[in-house]
Amino acid sequence: MKPGKTELRLNAEIEKRGALFAVLLDPDTSDEAAFVKAGAMAAENGADLLLVGGSYLGNFTLPKQVAALKANVDLPVVLFPGGASQVVPGFDAMLFMTLVSGRNPNYLIDEQVRGGALVRALNMEAIPTAYQLINSGKRTTVEYISGTMPVPANKPKLSMVNSIAAELMGMRYVYLEAGSGAEEPVPVEHIAYTRKATEMTIITGGGIKDPQTAAVRVAAGANIIVTGTLWEKVEDPALLKEFAAAIHVKG
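The numbering of the sequence shown is our numbering, which starts it at 57 and goes up by one.
Structure follows, in structure tokens:
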């Protein structure tokens, strides 16, 4: 499967800017007006990409919220699904993820089988993505929901070999995830080892609370930096711009 329009756009922007700034919007945590306002604020202050996802959300609310968001922003809006039930129309693309850090077959193949035919029927662009949980200092929602253990923070070679296997299976993106509201971000060693061993586009998120933390991870080889929970606590356009400046190493 060749890269689609949105993936090609993201790749071109990475080449142009050095790395991209993604803001994760969780419809579970706000009403539609607040959800759209948060996306618009991100778009106006340096974000390159909006990810939409939550661990609990059912598809009965998602299509309406996404339509309202897309009417107010001119950025790629990409689904970051918690499972097959969240596959709905209206997105520019989705991260079609496999939880390669765990060994729960439900998230290695079952959810993908349940969602795959629907993705194809909707003619939705899918970006094949290896998803890895990295220990962040506390148990996260996604660990609980998926019933898996994260890669230990001090074992970067484990996430590296997971990434190598995923690349050999045809996945082009890898998401190194500390988890929503993580105490600590993914250690730079995990990013650096995967960068040296693969040609995958590296996304990392969770626990990135300031621009310097983001910049260090870009320097280690991350291509897309994701922040989310931070913006549920603060509404600060100036801080968004500082993040964008730190991440856009090529301007």
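Yeah, the Cβ is synthetic: ideal placement off N, Cα and C, and Gly gets one too.
As the crow flies, the alpha-carbon of Ala248 is around 21 Å from that of Phe299. One thing to note: Ala275 has its Cβ no nearer than 8 Å to the Cβ of Ile303. Contact between the region 210-217 and the region 172-179 is absent: fewer than three C-beta pairs spanning the two stretches fall below 8 Å. Counting along the chain, Pro119 sits inside the alpha helix (DSSP H) bounded by residues Leu118 to Lys126. Residue pairing by DSSP puts Ala182 in a beta bridge opposite Met150. Around the beta carbon of Gln268, a 10 Å sphere encloses fewer than 16 other beta carbons of the protein chains shown; the residue is thus reported as exposed. The residues Lys265, in chain order, have a CB closer than 7 Å to that of Leu286 in the same chain once the five nearest residues on each side in sequence are set aside. Within the region 231-301, the complete beta strand (DSSP E) segments of 3 residues or longer fall at 257-261 and 280-283, listed in chain order. Per DSSP, reduced to three states, the secondary structure at Phe136 is coil, with no helix or strand assignment.
Across the structure, Ala123 and Gly102 are spaced so that their CA atoms are roughly 21 Å apart.
According to the DSSP assignment, Leu131 belongs to no alpha helix (DSSP H), since it is labelled neither H nor E.
The beta carbon of Glu181 lies closer than 6 Å to those of Gly60, Thr62 and Ala149 in the same chain, with the five residues before and after it left out.
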